[in-house]
Amino acid sequence: YSTFPLSPKWNKEDVTYRILNYTPDMLQEDVEEAIAKAFQLWSSVTPLRFIRLHSGEADIKISFASGFHGDFYSFDGPGGTLAHAYHPGKDIGGDAHFDEDENWTKFTTYSGFNLFLVAAHELGHSLGLGHSNVFGALMYPIYMGKDTRDFRLHQDDIDGIQSLYETTPTKPPARPEDCDPHLTFDAITTLRGEILFFKDSYVWRKSPYFRDIEHDTISSFWPSLAGGFDAAYEVDKRDQVMFFKDDQYWAVNGYNIQPGFPKPIQSLGFPRNVRKIDAAVHDQSTKKTYFFVGHRYWSFNENTQSMERGYPRKIAADFHGIYHTVDAALQKNGHFYFFHGAKHYEVDVKTKKLIRTMKSNSWFDC
Amino acid sequence: LPVIPEKEKEDMQFAQKYLENFYDFKEEKSSLFKSKDLNPMSKKIQEMQSFFGLEVTGQLNSQTLNMMKQPRCGIPDVRS
């Protein structure tokens, strides 16, 4: 294997990609599947996670073009050069270009080039690998049509990529015990009658359909979402759950992340100086969502999809007895529950008055 | 002098372009003094043959030309 001069690589584990356009040779969903499978090959042997963006600037931009297409390396019509990609870096760095004059296919045939195979090779460049002179390696420069069912990376490719990216992913923090007296949460939401409690990459699932608390990882429900949510809330009418992390948010419907996400939180009406939110809760009766940031909160009207005037307001001014910041929030059975540290506060939805204070782990019958 | 057949000329041009694209080959102006070394194109052909595990001859033989004509990735195999 080889790497580029000075061995450029992505200095982060979450790498974004965006498909800028599609080839007419294949169905769009087949292109998306080929690209996702190509990324999966590399993520399976590195700590990297690939997150697809539908808008905005992505680290790796994927496009199809013919002839001259705005860089120094024009394509050459059918055959010859099939594609090229740039090593990790800003702007064009990491981008992968595919020659539209080729016939792209989903399968390996004599009449076309398997997009998955070519994309997997090009994405190797996007991650920092150069060409390998090992015949049979994915990074060998010549296209070799082969059966892609149960396709695996050659050991040379694995050695190459692992020379750039640590093989042992940064060890996630262990899941705290249910009855840990210091248990805190990153975010909490309802989901179709259940309650999901999030902490790092873990989720506790409390369901009316089973007695015990179920323990899962966030990636087991939503593989492309990294853990460490800041906030989450459900809009039951739309069967939609919103997840917030840093300055982005995602809308999910069941297991599916909705197209067009993530979006910047500023698109909800937050000013630019708000970089992340602490907690969010949706009031099903008023169709308002409260977002908590520091000691203030915003009110978002889900019907008009706009921030209400007169906000942000001080949390303590409206929610009597809540003098802390809010780590996570939940609405259930006519009450709001505001979590702060290892405690949570039960608040009446209508009067906004504090009813009682409890330990956070009381939700797990501790 | 014998004339280079048209096909051979085309192949040489194709190979030169290939080596420029993928093996950092730069055509040098001919020197007044004759170099003892192999001509630069032969050296690059050797490099290419070595990379692909072909017999290293420095000659543009059919095996080498055939390899050059395979569909491939547009990123160079060798950089300066």
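If you read the sequences in order, they're chains A and B.
Using the working numbering, the first residue of the first sequence is number 111, and each one after it goes up by one.
Using the working numbering, the first residue of the second sequence is number -14, and each one after it goes up by one.
In this text, a Cβ means the ideal position worked out from N, Cα and C, and glycines have one as well.
Report task. Can you say whether Ala195(A) is buried or exposed, counting buried as having 16 or more other CB atoms within 10 angstroms of its CB? Result -> buried
Requested in this report: Could you say which of Asp209(A), Leu239(A) and Ser184(A) lies nearest to Pro118(A) if we only look at CA atoms?
Outcome: Leu239(A)
Report task. Return the residue from the list Phe446(A), Met468(A), Glu123(A) and Phe307(A) that minimises the CA-CA distance to Thr461(A). Result -> Phe446(A)
Query raised in the report: Buried or exposed: Gln415(A), going by 16 or more other Cβ atoms within 10 Å of its Cβ?
Result: Looking at its Cβ environment, which holds fewer than 16 other Cβ atoms inside 10 Å, Gln415(A) is exposed.
Requested in this report: Indicate the three-state DSSP secondary structure (helix, strand or coil) for Trp120(A) in the structure shown.
Outcome: Of the three classes helix, strand and coil, the one that applies to Trp120(A) here is coil, per DSSP.
Query raised in the report: With 16 other CB atoms within 10 Å as the buried threshold, where does Gly59(B) fall?
Result: buried
Requested in this report: Step through the CB atoms of chain B and report whether any lies within less than 8 angstroms of the CB of Ile298(A).
Outcome: no
Report task. Verify whether the separation of the beta carbon atoms of Asp311(A) and Ser329(A) is less than 8 angstroms. Result -> The displayed chain sequence assigns Ser, not Asp, to residue 311(A). Going by C-beta atoms, Ser311(A) is nearer than 8 angstroms to Ser329(A).
Query raised in the report: Where does the unbroken beta strand (DSSP E) through Gln441(A) begin, and where does it stop?
Result: Note, Gln441(A): beta strand (DSSP E), Ala438 to Lys442.
Requested in this report: Evaluate Ala430(A) with the Cβ neighbour count: other Cβ atoms within 10 Å of its Cβ, from every protein chain shown; 16 or more gives buried, anything less gives exposed.
Outcome: Here residue 430(A) turns out to be His, not Ala, going by the sequence shown. Answer is exposed; the Cβ neighbour count stays below 16.
Query raised in the report: With a Cβ-Cβ cutoff of 8 angstroms, do Phe410(A) and Thr399(A) count as a contact?
Result: yes
Report task. Express the C-alpha separation of Tyr3(B) and Glu(-5)(B) in angstroms, rounding to a whole number. Result -> 12 angstroms
Query - Nearest neighbour of His207(A), chosen from Lys463(A), Gly177(A), Arg423(A) and Cys289(A) [CA to CA] - result: Gly177(A)
Query - Identity of the residues DSSP links to Ile298(A) by a beta bridge - result: Phe307(A)
Query raised in the report: Just the Cα atoms here: how many angstroms apart are Ala93(A) and Asn413(A)?
Result: The shown model of chain A, from 111 to 476, leaves out residue 93(A), and the question about it has no answer.
Requested in this report: Would you identify the three-state DSSP class for Ala100(A), choosing helix, strand or coil?
Outcome: Nothing can be reported for residue 100(A), as the shown portion of chain A is limited to 111 through 476.
Query - Neighbour list for Ala195(A) in chain B, Cβ cutoff strictly below 9 angstroms - result: Cys58, Gly59 and Ile60
Requested in this report: Under the assumption that Lys309(A) contacts Phe295(A) (Cβ atoms under 8 angstroms), give the Cβ distance between them as a whole number of angstroms.
Outcome: About 5 angstroms separates the two Cβ atoms, so the contact holds.
Query raised in the report: Which residues, in order along the stretch 244 to 262 of chain A, keep a beta-carbon less than 7 angstroms from a beta-carbon of chain B?
Result: Answer in chain order: Phe245, Pro251, Ile252 and Tyr253.
Query raised in the report: Which residues share a DSSP beta bridge with Pro374(A)?
Result: Pro374(A) is bridged to Gln358(A).
**Report entry** Below-8 angstroms beta-carbon distance, Glu232(A) vs any chain B residue
**Finding:** yes
Requested in this report: Look up Gln350(A) in the DSSP assignment and say whether it is helix, strand or coil.
Outcome: strand
Report task. Note down, one range per segment and in chain order, each beta strand (DSSP E) of at least 3 residues found wholly within the stretch 197 to 223 of chain A. Result -> 206 to 209
**Report entry** Cβ pair count under 8 angstroms reaching 3, the stretch 150 to 167 of chain A against the stretch 120 to 132 of chain A
**Finding:** yes
Query raised in the report: Under the three-state reduction of DSSP, which class applies to Lys469(A): helix, strand or coil?
Result: Three-state DSSP puts Lys469(A) in a strand.
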